[in-house]
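Participant:
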Amino acid sequence: MDSVNATSREAQEFRNLESSIASATEGVLGFQQPDGHWVFELEADCTIPAEYVLLRHYLAEPVDAVLEAKIANYLRRVQGAHGGWPLVHDGEFDMSASVKAYFALKMIGDSIDARHMVRAREAIHSRGGAIHSNVFTRFMLAMFGVVTWRAVPVLPIEIVLLPFWSPFHINKISYWARTTMVPLMVIAALKPRAKNPKGVGIDELFPQDPRSIGMTAKAPHQSMAWFVLFRALDGILRVIEPMFPKSLRKRAIDAALAFTEERLNGEDGMGAIYPPMANIVMMYDALGKDENFPPRAITRRGIDKLLVIKDDEAYCQPCVSPVWDTTLTAHALLEAGGDKAVPAAKQGLDWLIPKQELEVKGDWAVKRPDVRPGGWAFQYNNAHYPDLDDTAVVVMSMDRMRREHGATGYDAAIDRAREWIEGMQSDDGGWAAFDVNNLEYYLNNIPFSDHGALLDPPTEDVTARCISMLAQLGETAETSKHVADGIAYLRKTQHPEGSWYGRWGMNFIYGTWSVLCALNMAGVRHDDPMMRKAAGWLASIQNQDGGWGEDAVSYRLDYRGWEAAPSTASQTAWALLALMAAGEVDHPAVARGVEYLIATQNEKGLWDEQRYTATGFPRVFYLRYHGYPKFFPLWALARYRNLRNTNGRVVGVGM
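Residue numbering for the sequence shown follows our numbering, starting at 398 and increasing by one per position.
Next comes the structure, spelled out in structure tokens:
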């Protein structure tokens, strides 16, 4: 009788699993765009919508009261219980986010006596006041005349003329820093003043006269010796910059404009991210170019394309993620299988083919001039800045489609992408997101880099993705130096407890998932101590409800490893996929995780997830991909079903 009951229970569990997969598949398919791709909302913290409001008032654009009211609703809703604004859902107070959100709400018209404004002001004052804002916020405040230009680092525009051998060069910093800083340096040279027709200021957020404020203090990540050196250099530049010849300044501004205009990228914007796009609009305004000047007008239209406008709320995205969303959704649908899922995945992958960049040698080519382009960008168009993570994931999905379903038309794209990925490996064996050998760590000590995110060095998660791709295409540590060096990089970067750092997803769960998939695909034995330790660690941090979660605090500078957080669907899916890659499909933790996902699935077949599980810049900027709780749980549940239905129980793909 017990065996009959067990069989009946297993049959019911299987039916529940199949029903959950079918429902999730239908839910994901419902988001496919008419041309075959997927793009989900990409939400950051309050700073981008706040900056959008302030940009409109900086330029004295006509007030859109309806839009501003919706943005105000959003800003009020995401205010924290502490009175300020966090960088993540239910996160700690952040000074710069709070200052910008308060400024934007006041600009929109909220009374400073309103309860939420009083709470915000008290929270800011209790933590020392707006003087503790970061460098980016100070630049914005300087442009509005709240603080003087003495409160920000000197950024001589002449930097763009420096030779590559100089200690600082724009190609020695990351793409996001490069595209943000070049137009900002023009602004810093011209020192424009916001039009600000309502004359709104925020002096009340400072316990002192804000115009008396000097430079920022040393950031926690910065070395005192390096910081003192760069601070002294900043002081010298502050004295001699006004003496630079006007002809040199003009030549530098012309060079900055040439750099910018080569990369304007239509309505997708330079770098296809909000900060440089906003800086470009303000730069042209400072140069006296009106709103009809084509480069300014096109960029400004591109900023509005980042808006998400709903019935009661609106916010501005930092960028859009169609390539990433499409390829990851295709992976999930290929895992799910079926008459609807596979054709839909193929339609998405076919949409990706012409998005591959085969012509433009972007900024990455400065250090790899002999490598041919062949990558995909994250956004719709971003030819100068393809990224390795997207490229590796796209290739794996295309390869899976051709191998499992006999689809044709992907071979040339895959071969060219492999060539580019192999050419982009850094000397330490790892891979970065956009650049090669971006290892000039001393630059994170300059006063401008109080955020500590000036560089794009190799990371464990991107390295793992590139190994996964190469291994799925048949390369091994024995046949490929690229794979061998990559695995060696991962061996030396594993933490003592067994985890790996995750740069682009939060954090150790994401990194460990990425690496275990790569090691499995590369043929590292499941009984290898590296894999055993990682799998044991993952099982040990499972929450009591069966799910997994991790807090953004795990990125703290004083490393303490994983930080517990409530379970989320996406992080649970990563943990499950990781354990299954390590050969643990029959582990009790996997069964409990699957039960958690089935139990938390909503009536639309998807999952609700308010918490942020992705990373823009550790400790500074986090992301909430609205697609993550849609396709990752489907992927994990389908993988579990597929492995349970096979004797081998071995994951045969790179993700």
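Each residue gets a CB set at the ideal place from its N, CA and C atoms; glycine is no exception.
1. Considering only residues of the same chain and omitting the five flanking positions on each side of arginine 957, which have a CB-CB separation below 6 Å?
2. Check whether the segment 932-952 and the segment 990-997 are in contact - that is, three or more C-beta pairs closer than 8 Å.
3. Between the C-alpha atoms of glutamate 465 and valine 450, what's the straight-line distance to the nearest angstrom?
4. Look at the alpha carbon of glycine 668 and the alpha carbon of alanine 809, and state the distance between them as a whole number of angstroms.
5. Would you mind reading off the limits of the alpha helix (DSSP H) that contains isoleucine 610?
6. Just to confirm, are threonine 422 and alanine 733 a CB contact at a threshold of 7 Å?
7. Give the DSSP-derived three-state secondary structure of threonine 969 in the structure shown.
8. Are aspartate 847 and valine 532 closer than 7 Å when you measure CB to CB?
9. Run the CB neighbour count on tyrosine 1025, radius 10 Å, all protein chains shown included, and call it buried at 16 or more, exposed below.
10. Is it a yes or a no for the segment 874-892 touching the segment 641-659, going by three-plus beta-carbon pairs under 8 Å?
11. Which of helix, strand or coil does DSSP assign to aspartate 600?
12. If you follow the alpha helix (DSSP H) that isoleucine 584 is part of, which residue opens it and which one closes it?
13. Within the continuous alpha helix (DSSP H) that includes tyrosine 1037, where are the two ends?
14. Hey, out of Phe428, Lys467, Gln968 and Tyr1022, whose CA is closest to aspartate 708's CA?
15. Where lysine 930 and tryptophan 897 are concerned, what is the direct C-alpha to C-alpha distance, given to the nearest angstrom?
16. Please say whether alanine 462 and tryptophan 482 have beta carbons closer to each other than 7 Å?
17. Decide if the segment 863-876 is in contact with the segment 898-915; the criterion is three or more beta carbon pairs, one per stretch, under 8 Å apart.
18. Which word fits lysine 503, buried or exposed, when buried means at least 16 other C-beta atoms lie within 10 angstroms of its C-beta?
19. I need the boundaries of the alpha helix (DSSP H) containing arginine 1021, first residue and last residue.
20. Measure the C-alpha to C-alpha separation of leucine 731 and leucine 749 and round it to an integer number of angstroms.
21. With a threshold of 7 Å on Cβ separation, who are the neighbours of arginine 524 within its own chain once the five nearest residues in sequence on each side are excluded?
22. Using 7 Å as the threshold, is the C-beta distance between isoleucine 445 and proline 715 below it?
23. Could you tell me whether any non-hydrogen atom of the ligand GDP is closer than 6 Å to the CB of proline 607?
24. Along the chain, where does the beta strand (DSSP E) containing valine 705 start, and where does it finish?
25. Report the rounded CA-to-CA distance for glycine 427 versus threonine 723, giving the unit in angstroms.
26. State the start and end residues of the unbroken beta strand (DSSP E) segment that holds alanine 711.
27. Could you spell out where the alpha helix (DSSP H) holding glycine 1013 opens and where it closes?
Facilitator: Taking the definition as stated:
1. none
2. yes
3. 7 Å
4. 26 Å
5. Unbroken run through isoleucine 610: none, as it is neither H nor E.
6. yes
7. helix
8. yes
9. buried
10. no
11. helix
12. 572-587
13. 1025-1041
14. Lys467
15. 11 Å
16. no
17. yes
18. buried
19. It is not in any alpha helix (DSSP H) - arginine 1021 instead sits in the beta strand (DSSP E) that spans 1018-1022.
20. 16 Å
21. Phe490 and Met492
22. yes
23. Here there are no bound small molecules, and the ligand GDP is not part of this structure.
24. 704-706
25. 13 Å
26. 711-713
27. Careful: glycine 1013 lies outside any alpha helix (DSSP H), inside the beta strand (DSSP E) at 1011-1014.
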